[in-house]
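K.L.:
Below is a structure I'd like to ask you about.
There are 2 protein chains.
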Amino acid sequence: MFEVAELGHTVEKSVYREKSAELRARLLTIQSQLKVCPFSVIIIISGVDGGGKGDVINRLNEWMDVHYMRTIALGPPSDEERERPKFWRFWRTLPAKGTIGVYVGSWYSDPIAQRVYQKIDNNALQNELIQINQLEQLLSDDNTLIIKCWLHLKKEAQIDRLKALAKNPATKWRVTDKDRQHLGLYDDFIGVAEQVLTETSKAHAPWLIVEGSDIRYSSLTVGQHVLERIEQHVLQYNNGLSAAAEAEPPNSRVEQYNLLDALDLSLKLNKSDYRKQLEKYQGKLNELSRHALAAKRSSILVFEGWDAAGKGGAIRRLIEAMDARHYQVISIAAPTDEERAHHYLWRFWRHMPRAGQVTIYDRSWYGRVLVERVEGLAKPQQWQRAYSEIVNFEEAMLAHGIVILKFWLHIDRDEQIERFKRREQISYKQFKITEEDYRNREKWDDYQKAVNEMIARTSTSKSPWLQVEANDKYYARIKIIKAYCERLEKMLDEINK
Amino acid sequence: MFEVAELGHTVEKSVYREKSAELRARLLTIQSQLKVCPFSVIIIISGVDGGGKGDVINRLNEWMDVHYMRTIALGPPSDEERERPKFWRFWRTLPAKGTIGVYVGSWYSDPIAQRVYQKIDNNALQNELIQINQLEQLLSDDNTLIIKCWLHLKKEAQIDRLKALAKNPATKWRVTDKDRQHLGLYDDFIGVAEQVLTETSKAHAPWLIVEGSDIRYSSLTVGQHVLERIEQHVLQYNNGLSAAAEAEPPNSRVEQYNLLDALDLSLKLNKSDYRKQLEKYQGKLNELSRHALAAKRSSILVFEGWDAAGKGGAIRRLIEAMDARHYQVISIAAPTDEERAHHYLWRFWRHMPRAGQVTIYDRSWYGRVLVERVEGLAKPQQWQRAYSEIVNFEEAMLAHGIVILKFWLHIDRDEQIERFKRREQISYKQFKITEEDYRNREKWDDYQKAVNEMIARTSTSKSPWLQVEANDKYYARIKIIKAYCERLEKMLDEINK
Chain H
106 MFEVAELGHT
116 VEKSVYREKS
126 AELRARLLTI
136 QSQLKVCPFS
146 VIIIISGVDG
156 GGKGDVINRL
166 NEWMDVHYMR
176 TIALGPPSDE
186 ERERPKFWRF
196 WRTLPAKGTI
206 GVYVGSWYSD
216 PIAQRVYQKI
226 DNNALQNELI
236 QINQLEQLLS
246 DDNTLIIKCW
256 LHLKKEAQID
266 RLKALAKNPA
276 TKWRVTDKDR
286 QHLGLYDDFI
296 GVAEQVLTET
306 SKAHAPWLIV
316 EGSDIRYSSL
326 TVGQHVLERI
336 EQHVLQYNNG
346 LSAAAEAEPP
356 NSRVEQYNLL
366 DALDLSLKLN
376 KSDYRKQLEK
386 YQGKLNELSR
396 HALAAKRSSI
406 LVFEGWDAAG
416 KGGAIRRLIE
426 AMDARHYQVI
436 SIAAPTDEER
446 AHHYLWRFWR
456 HMPRAGQVTI
466 YDRSWYGRVL
476 VERVEGLAKP
486 QQWQRAYSEI
496 VNFEEAMLAH
506 GIVILKFWLH
516 IDRDEQIERF
526 KRREQISYKQ
536 FKITEEDYRN
546 REKWDDYQKA
556 VNEMIARTST
566 SKSPWLQVEA
576 NDKYYARIKI
586 IKAYCERLEK
596 MLDEINK
Chain U
106 MFEVAELGHT
116 VEKSVYREKS
126 AELRARLLTI
136 QSQLKVCPFS
146 VIIIISGVDG
156 GGKGDVINRL
166 NEWMDVHYMR
176 TIALGPPSDE
186 ERERPKFWRF
196 WRTLPAKGTI
206 GVYVGSWYSD
216 PIAQRVYQKI
226 DNNALQNELI
236 QINQLEQLLS
246 DDNTLIIKCW
256 LHLKKEAQID
266 RLKALAKNPA
276 TKWRVTDKDR
286 QHLGLYDDFI
296 GVAEQVLTET
306 SKAHAPWLIV
316 EGSDIRYSSL
326 TVGQHVLERI
336 EQHVLQYNNG
346 LSAAAEAEPP
356 NSRVEQYNLL
366 DALDLSLKLN
376 KSDYRKQLEK
386 YQGKLNELSR
396 HALAAKRSSI
406 LVFEGWDAAG
416 KGGAIRRLIE
426 AMDARHYQVI
436 SIAAPTDEER
446 AHHYLWRFWR
456 HMPRAGQVTI
466 YDRSWYGRVL
476 VERVEGLAKP
486 QQWQRAYSEI
496 VNFEEAMLAH
506 GIVILKFWLH
516 IDRDEQIERF
526 KRREQISYKQ
536 FKITEEDYRN
546 REKWDDYQKA
556 VNEMIARTST
566 SKSPWLQVEA
576 NDKYYARIKI
586 IKAYCERLEK
596 MLDEINK
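Just so you know, the sequences run in chain order H and U.
Using the numbering used here, read the first sequence as starting at 106 and increasing by one per residue.
Using the numbering used here, read the second sequence as starting at 106 and increasing by one per residue.
Set out below in structure tokens:
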């Protein structure tokens, strides 16, 4: 899920100057409207060490009217606070209606730290998260607007940052033993953060993940997100709640992620390398899938991607290596009557594999947040809440020991039109191209935005999205089969440990 | 919370015959409307052994059109089921839109049984409940109507039932070792059930607790509840969701509880006994409260009751025994401006006692589900969700080791008017009687209904409601001070263990 914040975003000084002036004006305007609204705004700024939390908060304070905004920096609890239930310190600092409270150090700080330092186990963490969700639900039921931003830095960036600080005599003092200790725990921290963010991203209180290496980028991104969320909330209040329920939630920050644009589509394999590697990995997969069957561990492989991105071809190369008695390929088209008479996840529960079996989905439940979102087949609330429904669905499978791997096959627009044209010239592939395919192309940007958000919200270490550079089919097929082999190997290693 | 189902409800045969015929006709009518609605209905019948689950389900099947209703009786999972994630068996049996699925043996069965038999710990149970809540939330977001009924039998009734069965040669075989074992675990079972019901009673999927000793009563109560819930859901669907949000949820079963009517208001103490006992318990309380202070364990005492029920007098008798430095009495009137600018629970978090202190509330957060409900000051969704908000609030206190005890002081209408008149004649008490008091009297039945539901939804073994027969002030005061003493003693015993 943090992939979206490891792309090296930066903002030029001149751009920053212009955008921040505009942002500031709009923030002040919306604050003046907020003052008379019967709800408060909570902004939580959290994230990794060195992610620039302090800088972002300082910028927010510069931009906004601090008469109606308060920064709440919570360190270790006071005597007074320790003598009361742990949420007391948060309740006493909650902003009044019409005002904004910015939390640095929030109800998230302790549970994350305690879990990373192994002071609490996973069940205890889960219980902390229930209480957090209850609190946020209660506030949001009372119309409080909750904005949560997570500032992320990749490990290398964190190392570089500490090195740079240590090198400079003027900043050397800022590097403490605790910083070094935290760096050693980076991977644990990210694992816990992923879990916490996944389980506390609700439609009414979603997390925004922001790359923290460039302060101009991160402060502008947070600032604009804050602006849009407040503008929308005020609008919803003024126009009545029923209008609000139909309004599309703001996601304008998400499109800046450019997760797909960051892929290197020039990656390719020549035919002879492809053949060699295909033989190697098909052999490996054959062996591994027999072991998985013996261990009664099922797999679910999800294929999503642009039209003509090569899903079918990639799936064929996988199943060539497997025993037809033990896998099934399910192509998801329009639901049947019977399926339509149930919850949208029902058809996927139906096909749940028995122990040891492999189920390959050519398109999947992610249609809810892709085609159904973009084509307006699902209402905004429906696809918005689908992220957590899907995460819960996959967690039920993970808890049962099922291996999940999800592939997004990415090609660019030029490659797609080339393939469409080629297909139209090959008689047995003509049926694959319809007018709808051309129509879908027109919504490329909307789909791209939806894909970005989907990966940000549903890619977890246990159920990851693999983005596959698929302009070259050979490269894509090998990347996929290799990734599945590695996943199976890892699972089998864990079993045998 | 099970108090409401231990009152000895019965229904006469002739009444049953008449009512069930009427019920049947209405159930068939609503089923014919349901057929064309785009949502399904899930009915969960659960409860204690011998609570008559089978009987109730048989009656439902007799009354309704079984072409559009299916009973799903789930025993131990099959091979097929064990090879899939545990919820698979529920998903495969979910009713299609327009139809009804009646579950006996549901997603609640395993978690409760495993916890009672100590196969899972409390954190693991909590995690099961999260998954259940997620499932019900997901279904209800998809407009599925979820109706949950819990059939309760008090321990004595369960013993009598087993004895009766064992005595009759024709039914002796029905009493198994398992029954006897279950009876031995009755208290554990009830404790777990209380927790499960509390944490899974949501506004969209509340539990109805039904007394199970008389099958005519229980089947009629369940049948009428099912009817009303479906009627309301269909109505909401036909009239649009915004109308639905404003509609009052059905509670007609609740008024049958008669929890307050079951109190024996003739209980009294003569003056000399009162004086003796008061002296005894005040002495005891003085000592106990000093121990509690030393142990840094706070108390929260909540007083609710009819106007003129004697809350003030009872509170005075308590504090006479305590040190003024260590308690505070908080009278809850209309909120201040500042309080109004926050969530309704904020003012109560404010007064959270420091370690070892005692806070006595003369009226409390329960105003949300009493006066605010009855007078229409809170919207139905607001007071409906308040039950779980309040339970969570009190759980935060309990988790911190705070002792909570809640008193409902009950008098009857005649006694109230007597007291009003007496007050008007005593100059220094005249200010206590206003026109509003007379107006409130007119809503006695609405208040009674609200009190019944409040106790059913928020009385737990750790944070119980004590119903105080208060027609006689002496009796009431002693019952209260004694109960608080016992609660403190129990807490101190647990600490010293």
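From the three backbone atoms N, C-alpha and C, an ideal C-beta is built for every residue, glycine too.
If we define contact as Cβ-Cβ less than 7 Å, is H:Leu243 a contact residue for chain U?
P.N.:
Counting from 1 along the first sequence, the entry for residue 243 of chain H is found at position 138. It does; some Cβ of chain U falls within 7 Å.
K.L.:
Where U:Val331 and U:Val146 are concerned, what is the direct C-alpha to C-alpha distance, given to the nearest angstrom?
P.N.:
Within the second sequence, numbered from 1, the residue matching residue 331 of chain U stands at position 226. Within the second sequence, numbered from 1, the residue matching residue 146 of chain U stands at position 41. Answer to the nearest angstrom: the Cα atoms are 10 Å apart.
K.L.:
Enumerated in chain order, which unbroken segments of the beta strand (DSSP E) with a length of 3 residues or greater are wholly contained in the segment 289-331 of chain U?
P.N.:
Runs found: 312-316.
K.L.:
Can you give me the start and stop residues for the beta strand (DSSP E) that U:Met174 sits inside?
P.N.:
Position 69 of the second sequence, counted from the first residue, corresponds to residue 174 of chain U. Per DSSP, U:Met174 belongs to the beta strand (DSSP E) from 174-178.
K.L.:
Using the rule of at least 16 other Cβ atoms within 10 Å of the residue's Cβ for burial, across every protein chain shown, is H:Arg285 buried or exposed?
P.N.:
The sequence position of residue 285 of chain H within the first sequence is 180, counting from 1. Exposed, because fewer than 16 other Cβ atoms sit within 10 Å of the Cβ of H:Arg285.
K.L.:
Please list the residues of the segment 183-207 of chain U that have a C-beta atom closer than 8 Å to any C-beta atom in chain H, keeping them in chain order.
P.N.:
Glu185, Glu188, Arg189, Pro190, Lys191, Phe192, Trp193, Trp196, Arg197, Leu199, Ala201, Lys202, Gly203
K.L.:
The beta strand (DSSP E) with H:Gln433 in it runs from where to where?
P.N.:
In the first sequence, counting from the first residue as 1, residue 433 of chain H sits at position 328. That run of the beta strand (DSSP E) goes 432-436.
K.L.:
Taking H:Pro190 and U:His448 to be in contact with their CB atoms under 8 Å, please state how far apart those CB atoms are, rounded to whole angstroms.
P.N.:
If you number the first sequence from 1, residue 190 of chain H lands on position 85. If you number the second sequence from 1, residue 448 of chain U lands on position 343. Between U:His448 and H:Pro190 the Cβ distance is about 16 Å, and since that is not below 8 Å, they are no contact.
K.L.:
What residues from the segment 489-510 of chain U come within 7 Å of chain H, judged by C-beta to C-beta, listed N to C?
P.N.:
Taken in chain order, the members of the segment 489-510 of chain U whose beta-carbon sits within less than 7 Å of a beta-carbon on chain H are Arg490, Glu494, Asn497, Ala501, Met502, Ala504, His505.
K.L.:
In this structure, how does DSSP classify H:Asp467 when only helix, strand and coil are distinguished?
P.N.:
Taking the first sequence and counting its residues from 1, the one referred to as residue 467 of chain H is at position 362. Looking at H:Asp467 - three-state DSSP - the assignment turns out to be strand.
K.L.:
Rounding to the nearest angstrom, what Cα-Cα distance links H:Arg220 and H:Ser214 in this structure?
P.N.:
The sequence position of residue 220 of chain H within the first sequence is 115, counting from 1. The sequence position of residue 214 of chain H within the first sequence is 109, counting from 1. C-alpha separation (whole angstroms): 10 Å.
K.L.:
Under the rule that 16 or more other beta-carbon atoms within 10 Å means buried, what is H:Glu316, buried or exposed?
P.N.:
Residue mapping note: residue 316 of chain H aligns to position 211 of the first sequence, counting from 1. Looking at its Cβ environment, which holds 16 or more other Cβ atoms inside 10 Å, H:Glu316 is buried.
K.L.:
Please report the residue range of the alpha helix (DSSP H) in which U:Lys385 lies.
P.N.:
Position 280 of the second sequence, counted from the first residue, corresponds to residue 385 of chain U. Note, U:Lys385: alpha helix (DSSP H), 376-399.
K.L.:
When you compare each of U:Ala483, U:Ser323, U:Phe453, U:Asn557 to U:Arg164 by their alpha carbons, which one comes out closest?
P.N.:
Working through the second sequence from its first residue, we reach residue 164 of chain U at position 59. Considering only U:Ala483, U:Ser323, U:Phe453, U:Asn557, the residue with the shortest C-alpha distance to U:Arg164 is U:Ser323.
K.L.:
Report, in whole angstroms, the separation of the C-beta atoms of H:Trp606 and U:Met457, which I expect to be a contact under 8 Å.
P.N.:
Here chain H has residues from 106 to 602 only, and residue 606 of chain H is not among them.
K.L.:
Anything in the segment 219-232 of chain U with a Cβ closer than 7 Å to a Cβ of chain H? List those residues in chain order, please.
P.N.:
Asn228, Ala229, Gln231, Asn232
K.L.:
Helix, strand or coil for U:Cys606, going by three-state DSSP, please let me know.
P.N.:
The structure shown does not extend to residue 606 of chain U, since chain U spans only 106 to 602, so no value can be given for it.
K.L.:
Residue range of the alpha helix (DSSP H) that H:Gln572 falls in?
P.N.:
To locate residue 572 of chain H, count along the first sequence from 1; it is residue 467. Careful: H:Gln572 lies outside any alpha helix (DSSP H), inside the beta strand (DSSP E) at 570-574.
K.L.:
Scan the segment 416-447 of chain H for residues whose Cβ lies nearer than 9 Å to a Cβ of chain U and list them as they occur along the chain.
P.N.:
Glu443, Arg445, Ala446, His447
K.L.:
How long is the line joining the alpha carbons of H:Leu234 and H:Trp212, rounded to whole angstroms?
P.N.:
If you number the first sequence from 1, residue 234 of chain H lands on position 129. If you number the first sequence from 1, residue 212 of chain H lands on position 107. For H:Leu234 and H:Trp212, the distance between alpha carbons rounds to 9 Å.
K.L.:
Counting along the chain, where does the alpha helix (DSSP H) carrying H:Val109 start and finish?
P.N.:
Residue mapping note: residue 109 of chain H aligns to position 4 of the first sequence, counting from 1. Neither: H:Val109 is in no alpha helix (DSSP H) and is coded neither H nor E.
K.L.:
So with CB distances below 8 Å, who are the chain U contacts of H:Arg455?
P.N.:
One-based indexing of the first sequence puts residue 455 of chain H at position 350. Trp196, Arg197, listed in chain order.
K.L.:
Rounding to the nearest angstrom, what Cα-Cα distance links U:Ile405 and U:Ala367 in this structure?
P.N.:
Along the second sequence, read from residue 1 onward, the residue named residue 405 of chain U stands at position 300. Along the second sequence, read from residue 1 onward, the residue named residue 367 of chain U stands at position 262. If I take the Cα positions, the gap works out to 27 Å.
K.L.:
For U:Asn576, does the count of other Cβ atoms within 10 angstroms reach 16, so buried, or fall short, so exposed?
P.N.:
Here residue 576 of chain U is taken as the residue at index 471 of the second sequence, counted from 1. With 16 or more Cβ atoms within 10 Å of its Cβ, U:Asn576 is classed as buried.
K.L.:
Check whether the Cβ atoms of H:Trp255 and H:Gly152 sit closer than 7 Å, and answer yes or no.
P.N.:
By one-based count along the first sequence, residue 255 of chain H stands at place 150. By one-based count along the first sequence, residue 152 of chain H stands at place 47. Going by C-beta atoms, H:Trp255 is nearer than 7 Å to H:Gly152.
K.L.:
Does U:Gln521 come within less than 7 Å of chain H when only Cβ atoms are used?
P.N.:
For the purposes of this step, residue 521 of chain U is taken as residue 416 along the second sequence, with counting starting at 1. Not one chain H Cβ lies under 7 Å of U:Gln521.
K.L.:
Quick one: give me the first and last residue of the beta strand (DSSP E) that U:Leu406 is part of.
P.N.:
Sequence index remark: in the second sequence, residue 406 of chain U carries index 301 (1-based). From DSSP, the beta strand (DSSP E) with U:Leu406 extends over 404-410.
K.L.:
Run down chain U in chain order and give the residues with a C-beta less than 9 Å from the C-beta of H:Ile586.
P.N.:
Within the first sequence, the letter at position 481 stands for residue 586 of chain H. Chain U residues near H:Ile586: none, gap ~26 Å exceeds 9 Å.
K.L.:
Check whether the Cβ atoms of H:Gln572 and H:His515 sit closer than 7 Å, and answer yes or no.
P.N.:
Here residue 572 of chain H corresponds to residue number 467 of the first sequence, with the count starting at 1. Here residue 515 of chain H corresponds to residue number 410 of the first sequence, with the count starting at 1. Taking 7 Å as the Cβ cut-off, H:Gln572 and H:His515 qualify as a contacting pair.
K.L.:
Hey, would you say the C-beta of U:Arg524 is under 6 Å away from at least one heavy atom of the ligand FAD?
P.N.:
Among the components modelled here there is no ligand, and therefore nothing to report on the ligand FAD.
K.L.:
How far does the alpha helix (DSSP H) with U:Lys224 in it extend, from its first residue to its last?
P.N.:
On the second sequence, position 119 is the one that residue 224 of chain U refers to. From DSSP, U:Lys224 is part of no alpha helix (DSSP H); its letter is neither H nor E.
K.L.:
Please tell me whether H:Ile162 and H:Val207 are closer than 7 Å, where the distance is taken between their beta carbons.
P.N.:
Translated into positions along the first sequence, residue 162 of chain H becomes position 57. Translated into positions along the first sequence, residue 207 of chain H becomes position 102. In this structure, H:Ile162 lies near H:Val207, with their beta-carbon atoms less than 7 Å apart.
K.L.:
Just to confirm my understanding: we take H:Ser566, look at its own chain, exclude 5 residues before and 5 after, and list those with CB closer than 8 Å. What are they?
P.N.:
As a first step, residue 566 of chain H is located in the first sequence; it is residue number 461 there, counting from the start. By the criterion of a C-beta distance shorter than 8 Å, H:Ser566 is surrounded in its chain by Gly296, Glu299, once the five residues flanking it on both sides are discounted.
K.L.:
What residues of chain U sit near H:Gln239, judged by a beta carbon separation below 7 Å?
P.N.:
Within the first sequence, numbered from 1, the residue matching residue 239 of chain H stands at position 134. Chain U residues near H:Gln239: Asn497.
K.L.:
Using 8 Å as the Cβ pair cut-off and three pairs as the minimum, do the segment 435-453 of chain H and the segment 470-483 of chain H touch?
P.N.:
Yes: the two stretches touch, three or more of their Cβ pairs being nearer than 8 Å.
K.L.:
Buried or exposed for U:Ile522, going by 16 or more other Cβ atoms inside 10 Å?
P.N.:
Residue mapping note: residue 522 of chain U aligns to position 417 of the second sequence, counting from 1. With fewer than 16 Cβ atoms within 10 Å of its Cβ, U:Ile522 is classed as exposed.
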